[in-house]
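Peer 1:
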Amino acid sequence: MSLSVPIEYTDARQMHADYAARRKRFFPSLALVNRETVGLPVRVEPPKLEPKSSSHDVVDIPNFLALRPKATEWLGMTSRATFRPSESTTILRLVYEHTGISQREIKSDRRTRDVVRPRMIACWLMRRCTTLSLPVIGRKLGGRDHTTVLHAVRVIDALRTEGGDIRELTDMLRRKVEEALALGRDEDDQP
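The working numbering numbers the first residue of the sequence shown as 17 and each following residue consecutively.
1. For residue 134, does the count of other Cβ atoms within 10 angstroms reach 16, so buried, or fall short, so exposed?
2. For a test of the three-state rule: what should DSSP assign to residue 160, helix, strand or coil?
3. Determine the closest residue to residue 136 out of 34, 170 and 41, with distance taken between C-alpha atoms.
4. If the criterion is Cβ atoms closer than 8 Å, does the pair residue 196 and residue 105 meet it?
5. If you follow the alpha helix (DSSP H) that residue 41 is part of, which residue opens it and which one closes it?
6. Figure out for me which residue from 184, 147, 194 and 138 has the closest Cα to the Cα of residue 167.
7. Would the beta-carbon of residue 182 fall within 8 Å of that of residue 189?
8. Would you tell me roughly how many angstroms separate the C-alpha atoms of residue 124 and residue 191, rounded to the nearest one?
9. Along the chain, where does the alpha helix (DSSP H) that runs through residue 105 open and close?
Put into structure tokens, the structure is as follows:
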């Protein structure tokens with residue numbers, strides 16, 4: 017059996033289609049799994065036997081290493097937004113940098129004051145600076161209920177009206193969050 021010149025793909029779709037065809041040919045029993053998950057009756061068909069190949073048949077083997085130079089080209093076609101951290105991650109990072117409480121601690125079940133206050137500030141920032149809903153914010157902060165997030169936002173609003181350090185802290189963090197989010201959006205506009 018001799019090998020021929022490796023297959024050169026022009027795009028990812030062609031490579032995936034070729035891979036799917038080869039997979040279907042070599043593993044026909046895997047096609048039955050899809051029918052079971054959809055709820056269709058399963059037909060068991062005997063595999064088609066092809067005549068044995070002679071030693072002079074040419075077999076095309078795909079050259080996946082030839083796709084490496086095209087990888088950067090394909091990455092350039094994707095949106096930069098897919099590689100940008102989410103808004104909630106940016107907010108949690110800024111709260112962590114300022115308070116010293118890690119994201120893991122903010123998402124934990126701890127209820128000590130040194131953890132609860134930064135968690136409430138993160139809730140308030142996510143509510144005020146993003147379009148995330150209360151349930152989504154709760155999930156981002158360790159699977160909390162939407163009423164917990166609403167309570168945190170109301171507590172921070174009440175503390176802000178009293179003035180003092182919490183107002184300065186939240187205003188400063190809000191400016192930093194808005195700058196970070198605006199910076200991330202500006203990078204998408206550039207070529």
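Positions of the beta carbon are idealized from the N, C-alpha and C atoms, including for glycine. Every value quoted in this text rests on a predicted model; they were computed, and no experiment measured them.
Peer 2: Looking at the coordinates:
1. As a working note, residue 134 is residue 118 in the sequence shown. The residue in question, residue 134, is buried, as its Cβ has 16 or more Cβ neighbours within 10 Å.
2. Taking the sequence shown and counting its residues from 1, the one referred to as residue 160 is at position 144. Note: residue 160 maps to coil in three-state DSSP.
3. Looking up residue 136 in the sequence shown gives position 120. For the residues 34, 170 and 41, the minimum Cα distance to residue 136 belongs to 170.
4. Here residue 196 corresponds to residue number 180 of the sequence shown, with the count starting at 1. Here residue 105 corresponds to residue number 89 of the sequence shown, with the count starting at 1. Contact flag unset, no.
5. In the sequence shown, the residue the question calls residue 41 occupies position 25. Segment 28–42, the alpha helix (DSSP H) holding residue 41.
6. The count along the sequence shown starts at 1 and reaches residue 167 at position 151. Out of 184, 147, 194 and 138, 138 has the C-alpha closest to the C-alpha of residue 167.
7. As a working mapping, residue 182 is identified with position 166 in the sequence shown. As a working mapping, residue 189 is identified with position 173 in the sequence shown. Cβ atoms of residue 182 and residue 189: not closer than 8 Å.
8. On the sequence shown, residue 124 is found 108 positions in, with the first residue counted as 1. On the sequence shown, residue 191 is found 175 positions in, with the first residue counted as 1. Approximately 26 Å, taken between the alpha carbons.
9. Within the sequence shown, residue 105 is the residue found at index 89, counting from 1. Counting along the chain, the alpha helix (DSSP H) containing residue 105 begins and ends at 103–115.
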